[in-house]
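What follows is one structure encoded as structure tokens, with my remarks underneath.
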Amino acid sequence: MAPPDFQPLIAALLDGDHRQAARETSRLRDAGVPAELIVRDGIEEAMGRLDEKCTVEEFNLLEIMLAGRAVMAATRELFPLGTGPSPSRGTVILATLEGDVHDLGKNVVRMVLIGRGFHVVDLGRDQPVENVVGAAEREQAIAVLISGLLTTMVPQVQRVKEVLARRGLGHVKVLAGGAALKQATAEQLNVDYVAQTAFDGAHYLDRLAQLGQPVRHEEETHEQP
Numbered sequence: 389m390a391p392p393d394f395q396p397l398i399a400a401l402l403d404g405d406h407r408q409a410a411r412e413t414s415r416l417r418d419a420g421v422p423a424e425l426i427v428r429d430g431i432e433e434a435m436g437r438l439d440e441k442c443t444v445e446e447f448n449l450l451e452i453m454l455a456g457r458a459v460m461a462a463t464r465e466l467f468p469l470g471t472g473p474s475p476s477r478g479t480v481i482l483a484t485l486e487g488d489v490h491d492l493g494k495n496v497v498r499m500v501l502i503g504r505g506f507h508v509v510d511l512g513r514d515q516p517v518e519n520v521v522g523a524a525e526r527e528q529a530i531a532v533l534i535s536g537l538l539t540t541m542v543p544q545v546q547r548v549k550e551v552l553a554r555r556g557l558g559h560v561k562v563l564a565g566g567a568a569l570k571q572a573t574a575e576q577l578n579v580d581y582v583a584q585t586a587f588d589g590a591h592y593l594d595r596l597a598q599l600g601q602p603v604r605h606e607e608e609t610h611e612q613p
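Numbered according to the numbering used here, the sequence shown terminates at residue 613, and the numbering increases by one at each position without gaps.
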């Protein structure tokens, strides 16, 4: 049996063609390719190539926005809202921090976690640390997930656990991921875990969910305009 061809999906994502991205995702899924492989070898491969271009000097917001729409179309094809296990495994807060408008990786993580039964509160991009911590307190979250493309975000990421602790939330785990952040160690970022892929982070949360933290039962999105 020939190995799956992810190149048409990758090309559609990089072109920002959301309709073609959905069609290619459906083709792979119907051919029996596991969702984890489609995310890892298709969606995350495309994001990795785009991330390499998104340095401060080559930052192209329109290109990122179009690719982001295509990523969402592909991930919705894999994990349609309202399907899969009921969201009862714990609440997680998802965001990119203030000054970073990157949300490609965050969107994939959101869909993967919803598909695995987590209640995801997505605050969107460009969020102050205090907003993220406030949401973790309000939603009784088991974890905060921070996605980052730009290395300039590192000092803010390093503050998250400190602010959580000041609010009496030292038990809430902090995960970091994304092109810039996954180059650092957990100690350097002052976080509990650095996820190399969306599924890597999901596996960590799978283990965390077994600790019996409080849970919620509906999926919410509080995307900022």
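C-beta atoms are modelled at their ideal positions from N, C-alpha and C, and glycine is treated no differently.
| Item | Value |
| --- | --- |
| Under 8 Å between C-beta atoms of Thr479 and Ile530 | yes |
| Contact set for Gly436: own chain, Cβ-Cβ below 8 Å, skip 5 residues either direction | Ala567 |
| Buried or exposed by the 16-neighbour rule on C-beta atoms within 10 Å, applied to Leu402 | buried |
| Segments of 4+ residues assigned as alpha helix (DSSP H) that fall wholly inside the segment 559-588 | 574-577 |
| For Gly512, the three-state DSSP class (helix, strand or coil) | strand |
| Pro396 in three-state terms, based on DSSP | helix |
| Reduced DSSP secondary structure (H/G/I, E/B, other) of Ala390 | coil |
| Distance, Gly565 Cα to Pro516 Cα | 17 Å |
| Three-state secondary structure assigned by DSSP to Val551 | helix |
| Inter-stretch contact (C-beta, 8 Å, three-pair minimum) for the segment 505-512 and the segment 534-552 | no |
| Span of the alpha helix (DSSP H), counted from its first residue to its last, around Thr349 | In this structure the chain extends from 389 to 613, so residue 349 is not present and cannot be described. |
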